[in-house]
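Position one of the sequence shown corresponds to residue 19 (this note's numbering), numbered consecutively onward.
Report on one structure; see the data block that follows.
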Amino acid sequence: MDHPILNAIRRESFVPLGWFSPTAEDRTPEGTQFVILIGNAGPEMFRRFARERDPRRDLMDDWCRAVIGGLARTLDARAVYPFDKPPPPFLTWATRAKA
19 MDHPILNAIR RESFVPLGWF SPTAEDRTPE GTQFVILIGN AGPEMFRRFA
69 RERDPRRDLM DDWCRAVIGG LARTLDARAV YPFDKPPPPF LTWATRAKA
């Protein structure tokens, strides 16, 4: 599917896995109107990670926070990560998004 938001995700070397409009039962952050789950498929994200990270300090989580956080700011969105505490219900969200 061609869409400006999905295309922006792809330009950052990630893949839109699925999306949904949440209900109160989905336990999304307050004010959330739409959820898009993103991930990786194929080697592009890992190539970018290897190219851009500082191997002395940048773990995958740190790099993802920087890249996905920047993408979220560009899209006027909020990024939520599976490694946040307490852990968000990503498996439930993936089911809802048919990811």
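Virtual Cβ for every residue (Gly too), placed ideally from N, Cα, C.
Bounds of any alpha helix (DSSP H) do not take in PHE52, whose DSSP letter is neither H nor E. According to DSSP, PHE38 shares a beta bridge with VAL53. VAL98 sits in coil when the DSSP states are folded into three classes, being neither helix nor strand.
By the C-beta criterion, the region 57-71 is judged not to be in contact with the region 36-46, since fewer than 3 inter-stretch pairs fall below 8 Å. CA-to-CA, the gap between PRO105 and TRP37 works out to about 19 Å. Its chain contains PHE32, VAL33 and LEU35 as the residues whose beta carbon lies nearer than 7 Å to that of GLY57, once the 5 sequence neighbours on both sides are disregarded; these appear in chain order.
Rounded to the nearest angstrom, the gap between the Cα atoms of ILE54 and ARG114 is 11 Å. In this structure, GLU30 lies away from LEU93, with their beta-carbon atoms at least 8 Å apart.
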